[in-house]
Each structure stands twice: as C-alpha cells, then as structure tokens.
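*Asks:* The structure under discussion is supplied below as structure tokens; questions concerning it will follow.
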C-alpha cells in the first residue's frame with residue numbers, strides 16, 4: 019500500500035470562515051459508549067472535505083465520502099477536538115464546524131465498532147459472511163480461525179491495483195468478497211470487519227513491515243488475553259507455497275504508525 023494511502027500526514031492550513039455552531043448544526047456527534055464520532059453532513063462533492071480528530075499532540079485526518087460516517091476515538095479517554103474542513107484553494111481549508119469533548123472510552127468497544135474503513139454494519143457483506151462462518155457458541159479463537167482461513171484461502175493479492183491505487187482509496191468489503199482480490203488495505207479491512215462483527219476486538223494498523231518495502235496494513239487481534247499481530251496479506255501468499263510460517267507475527271517485523 020502506497021504511503022499516500024494513509025492520508026494521515028496532511029497538514030491542514032485552516033481558514034476559519036463561516037463556522038457552523040455545533041449545537042445548531044448537529045454535524046458532529048460523539049458516541050462515547052461505542053468509542054466513535056459520527057460526521058453528518060450533506061454535500062454535492064465530498065472530495066474537498068477532511069475530518070480532523072485530535073487528542074493532545076496526536077491527530078488523524080480522514081477524507082469524507084458520504085453524508086454519515088463514523089470515525090474511531092482510538093486515542094483513548096481524554097479531551098478530543100473534532101473538526102470538519104472544506105478545501106477552498108490548494109492546501110487551504112476553511113473550518114465548516116468543530117466540537118470538543120471529554121470522553122471515557124472502553125478500548126475493547128472502540129475496536130469492535132463499525133467505522134468508515136472497517137464497515138460491518140448489519141447486512142453488509144462482511145457481517146453476513148462472518149455470521150455464516152461462525153456460531154455464537156464458538157470461542158473468539160475459533161471465530162478467528164474460521165475467518166482467517168476464509169480470507170487467506172479466498173482473497174488473492176491484486177498487483178495491478180497496488181500499482182494504480184490513488185490517495186482517496188478506501189476499502190470496499192463487498193468488492194473484495196465479490197472479486198476475491200485486493201491489496202493489503204483490503205485484506206486488513208475485511209479481516210477487521212468480519213472479526214468485529216462477531217465480537218472479536220480487532221485493530222487495523224498502518225505502518226512498516228520487514229515483509230515489504232512499501233507502506234503496509236495489517237491487523238492486531240485480541241486473543242487469549244493479548245493483542246496478536248496478524249498479516250493475512252503475507253499469509254495468503256505464503257500459504258500457496260510449501261514454506262512454513264507462523265500465523266502470529268513477531269513484533270520485531272512490524273512498526274505501527276497509525277491504528278484504527
């Protein structure tokens with residue numbers, strides 16, 4: 019996955035023009051119970067909009083694609099500032115609206131929530147497929163085993179897509195399932211979406227790995243009381259050969275930059 023895909027190092031030059039009051043607009047809604055913030059905004063063209071979620075010195079910048087989208091409060095409990103910005107010229111943005119919130123979040127709920135890039139809302143392809151592969155009586159480990167096996171056996175790496183993907187790309191689980199292919203962003207999104215939909219806390223991580231020279235995406239799954247590094251992009255390829263490999267990857271081979 020190209021570094022440009024992360025969309026997280028963008029510097030916003032903010033012009034605070036025509037700000038909409040939070041109380042009046044209702045554009046930003048913090049969902050403390052599940053650890054997300056929703057942006058509710060209608061526009062004719064979303065390509066000029068960015069969402070900024072900040073806590074202390076750490077921040078995440080997202081593209082906006084639809085009138086109602088969910089973003090994670092993955093930086094933990096504390097003081098957040100959230101803003102919606104619209105491009106006016108080049109890298110210059112005006113603030114459409116903003117809000118602040120002091121939240122207490124349960125990180126396990128954060129990592130089971132449905133969000134923009136890990137979408138498992140009811141009746142989505144990822145949720146329906148995960149439900150068909152698992153049962154309520156299964157342990158989290160058993161659910162993981164079933165979903166992991168499906169992903170590495172059915173999704174093929176798409177080298178052409180990797181070479182042509184642009185900066186506004188986000189995964190579409192329905193297309194990944196229908197086409198049986200994707201890049202690392204697709205693998206990790208599908209894995210996280212399916213596991214979260216059946217109640218298994220899962221992170222999608224962006225960063226660097228010794229397995230590839232380009233910006234990468236993988237998962238961390240909470241199993242048996244600890245977070246385990248899982249890389250279905252790598253394993254889908256390794257499983258086709260005769261080489262032995264470990265499903266649980268070593269922390270020495272991964273450096274996470276952003277977590278979702």
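Numbering (our numbering), first residue to last: 19 to 278.
Glycine included, each C-beta is placed from N, C-alpha and C at the ideal position.
Computed from a predicted structure; not experimentally measured.
1) Helix, strand or coil: how does DSSP classify residue 91 here?
2) Expressed to the nearest angstrom, what Euclidean distance is found between the alpha-carbon atoms of residue 239 and residue 121?
3) Could you spell out where the beta strand (DSSP E) holding residue 134 opens and where it closes?
4) Determine the burial state of residue 126: buried for a count of at least 16 other Cβ atoms within 10 Å of its Cβ, exposed for fewer.
5) Who are the near neighbours of residue 39 in its chain, counting only those whose CB is closer than 6 Å to its CB and skipping five residues on each side?
6) Taking DSSP's pairing of strands, which residues face residue 86 in a bridge?
7) For residue 114, which of 159, 58, 76, 163 has the nearest alpha-carbon?
8) Please identify the residue among 241, 277, 102 whose C-alpha is closest to the C-alpha of residue 265.
9) Nearest to residue 107 by alpha carbon, out of 65, 117, 93?
10) Please work out which residues of its chain come closer than 7 Å, Cβ to Cβ, to residue 211, disregarding the five sequence neighbours upstream and downstream, and give them in chain order.
11) For residue 222, which of helix, strand or coil comes out of DSSP?
12) Is DSSP giving residue 342 helix, strand or coil here?
13) What residue does the beta strand (DSSP E) around residue 79 start on, and which one ends it?
14) Assess contact between the stretch 49-63 and the stretch 73-87, defined as three or more Cβ pairs (one per stretch) separated by less than 8 Å. Is contact present?
*Replies:* Working from what's here:
1) coil
2) 24 Å
3) No beta strand (DSSP E) holds residue 134; DSSP gives it neither H nor E.
4) Burial call: exposed.
5) The predicted model places residue 39 with a pLDDT of 31, which falls under 50 and marks its position as unreliable; any figure quoted below should be read in that light. Nothing listed; no residue qualifies.
6) 58
7) 58
8) Shortest Cα-Cα distance from residue 265 to any of 241, 277, 102 involves 241.
9) 65
10) 136, 137, 138, 144, 191.
11) Reduced to three states, the DSSP call for residue 222 is strand.
12) What is shown of the chain runs 19 to 278, which leaves residue 342 out entirely.
13) 76-81
14) yes
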